[in-house]
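Converting from the sequence shown to my numbering requires adding 12 to each position, the first position being numbered 1.
For every residue, glycine included, the Cβ atom is placed at its ideal position computed from N, Cα and C.
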Amino acid sequence: MPVYVKKNQGENNDHLIQRFKKMVRGARYIMELKKHRRFEKPNTKIKQRGAAIMREHYRAKRRKEELAS
C-alpha cells in the first residue's frame with residue numbers, strides 16, 4: 013500500500029519530509045525491503061523459525077524459574 017502525504021497549509025518542506033518518513037517507518041516498508049534484499053532458501057527459513065521457537069521456549073522456561081525462586 014503506497015504512502016501519501018499532502019502538504020498542510022503553512023507547513024514547511026522539512027516537516028513534510030519528516031512526516032513522510034514517520035509514515036513509512038510506521039508502515040514497515042523498510043523492514044520488508046531489507047528482508048527481501050537477498051534470496052533465502054526455504055530450508056533456511058524453516059531453520060530460523062525453529063531456532064526462534066526454541067529461543068522463546070527457553071526464555072519462557074527461564075522466566076518461570078525466575079518467578080518460582
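| query | result |
| --- | --- |
| Spatial neighbours of histidine 69 in its chain, beta-carbon cut-off 6 Å, leaving aside the 5 residues before and after | none |
| CB of isoleucine 29 within 8 Å of CB of valine 36, strictly | no |
| Glutamate 44 versus glycine 38 - alpha carbon distance | 12 Å |
| Limits of the unbroken alpha helix (DSSP H) element including proline 6 | For residue 6 there is no data in the structure shown, the boundaries of the chain being 13 and 81. |
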